[in-house]
Amino acid sequence: MCVVCGCSTPAGTDLDFGANAARVSVPGMSAERAIRLEADVLGANDRVARANRAHFEAHRVAAYNLVSSPGSGKTTLLVATIQALQRERPALPLAVIEGDQQTSNDADRIRACGAPAVQVNTGKGCHLDAPMVAAAFERLHDGLGGTGSLLLIENVGNLVCPAMWDLGERAKVAILSVTEGEDKPLKYPDMFAAARLMVLTKTDLLPHVDFDVAKCIDYARRVNPSIEVLLLSSKTGQGMDAWLEWLQDDGRAVIGQAGAGACA
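Numbering (the numbering used here), first residue to last: 8 to 271.
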């Protein structure tokens, strides 16, 4: 048995530090204590997440949590989404919460499109949490709600930590670019298990990269048999109609026909 993590890996082979009951190894901390600490922290977060969800529903806000590794194209997809909705559903209120460790670069890109955005800088934090989203939504509240609106939350680029943090969203959307590798759903199963939708981005690059779309979808459905999948290129616009349709169909119970246009 490994004296570090308690796993049963034979000497001289691979190490699995996630094989104990806590599924994580913290130096100086037992698995039991790690489980208790996680339960306390996530419990406090989940109470705020439930309040966020109730607040969003009461104000007819459909909120989606976009999660991915850095460089997947989340912000580019948001810009393309905002521009398309401004053309096709101009009366639909929408806003963005941007999460990063530092800078307001992404929020500035969103604001340049004419959509309200709040930047949340997490410092050393590797994910957004429900209290951060609650504080950000307070700053957006005047422009959202009442008639049905869309809130897109761009989480910190990270395929690990954001999986376990409920923000009060309707769904997590996992963004995976074809430049990253089709085995990501197997390497980071918690994220893809938590997501309702996987969007494969940068598909215009498929002729130039070694990426097996069918394998990627198969791997994602091994960890989450019910996950939905869309293929999309923000650059060419391929797949954008399907993405907009998904957002509007899923959020219809909340946002209804507000600002209905060609895409409704």
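Every residue, glycine too, gets a C-beta built ideally from N, C-alpha and C.
Through-space distance from residue j to residue i, alpha-carbon basis
i: arginine 146; j: valine 103; result: 11 Å
i: leucine 212; j: lysine 242; result: 10 Å
i: valine 33; j: valine 261; result: 41 Å
i: aspartate 197; j: lysine 191; result: 11 Å
i: alanine 200; j: threonine 154; result: 32 Å
i: glutamate 189; j: alanine 46; result: 32 Å
i: aspartate 256; j: threonine 20; result: 48 Å
i: lysine 179; j: glutamine 108; result: 20 Å
i: glutamate 187; j: arginine 40; result: 35 Å
i: glycine 164; j: alanine 51; result: 23 Å
i: cysteine 168; j: cysteine 133; result: 7 Å
i: arginine 229; j: valine 220; result: 14 Å
i: threonine 110; j: asparagine 128; result: 7 Å
i: valine 10; j: alanine 56; result: Any reading at valine 10 must be qualified, since the residue scores a pLDDT of 43, below 50, and its modelled position is unreliable; the value itself is stated next. Rounded to the nearest angstrom, the two C-alpha atoms are 38 Å apart.
i: serine 156; j: histidine 66; result: 8 Å
i: leucine 238; j: glycine 263; result: 25 Å
i: arginine 60; j: proline 138; result: 12 Å
Residue(s) in a DSSP beta bridge with residue i
i: aspartate 53; result: According to DSSP, which records beta bridges pairwise, aspartate 53 is partnered with nothing at all.
i: alanine 102; result: Leu158
i: serine 184; result: Thr208
i: asparagine 72; result: Ile160, Lys179
i: glutamate 39; result: Answer is none; glutamate 39 lacks a bridge partner.
i: valine 236; result: Met205
Environment of residue i [buried if 16+ CB atoms lie within 10 Å]
i: leucine 166; result: buried
i: histidine 207; result: What sits at residue 207 in the sequence shown is leucine, not histidine. So leucine 207 ends up on the buried side.
i: serine 233; result: exposed
i: aspartate 225; result: exposed
i: valine 216; result: exposed
i: asparagine 162; result: buried
i: valine 48; result: exposed
i: methionine 247; result: buried
i: glycine 268; result: Unreliable placement is indicated for glycine 268, whose pLDDT of 43 sits below 50; no coordinate value is reported for it.
i: leucine 22; result: exposed
i: lysine 222; result: exposed
i: leucine 44; result: exposed
i: methionine 36; result: exposed
i: lysine 81; result: buried
i: arginine 177; result: buried
i: alanine 249; result: exposed
i: asparagine 231; result: buried
beta-carbon residue i near the ligand HEM non-hydrogen atom, thresh 6 Å
i: leucine 101; result: As presented, the structure is devoid of all ligands, the ligand HEM included, so that no description of it is given.
Exercise for review: Determine, using beta-carbon pairs with one atom in the stretch 113 to 121 and one in the stretch 79 to 96, whether at least three such pairs fall under 8 Å.
Suggested key: yes
Exercise for review: Could you tell me whether the stretch 68 to 78 touches the stretch 174 to 183, using the rule of 3 or more Cβ pairs below 8 Å?
Suggested key: yes
Practice item. Could you tell me which uninterrupted alpha helix (DSSP H) segments, each at least 4 residues in length, are contained entirely in the stretch 106 to 182, listed from first to last along the chain? Key: Counting whole runs of 4 or more residues, the stretch 106 to 182 contains the alpha helix (DSSP H) stretches 112 to 119, 137 to 147.
**Study point:** Contact the stretch 93 to 110 vs the stretch 192 to 208: 3+ CB pairs below 8 Å
**Key:** no
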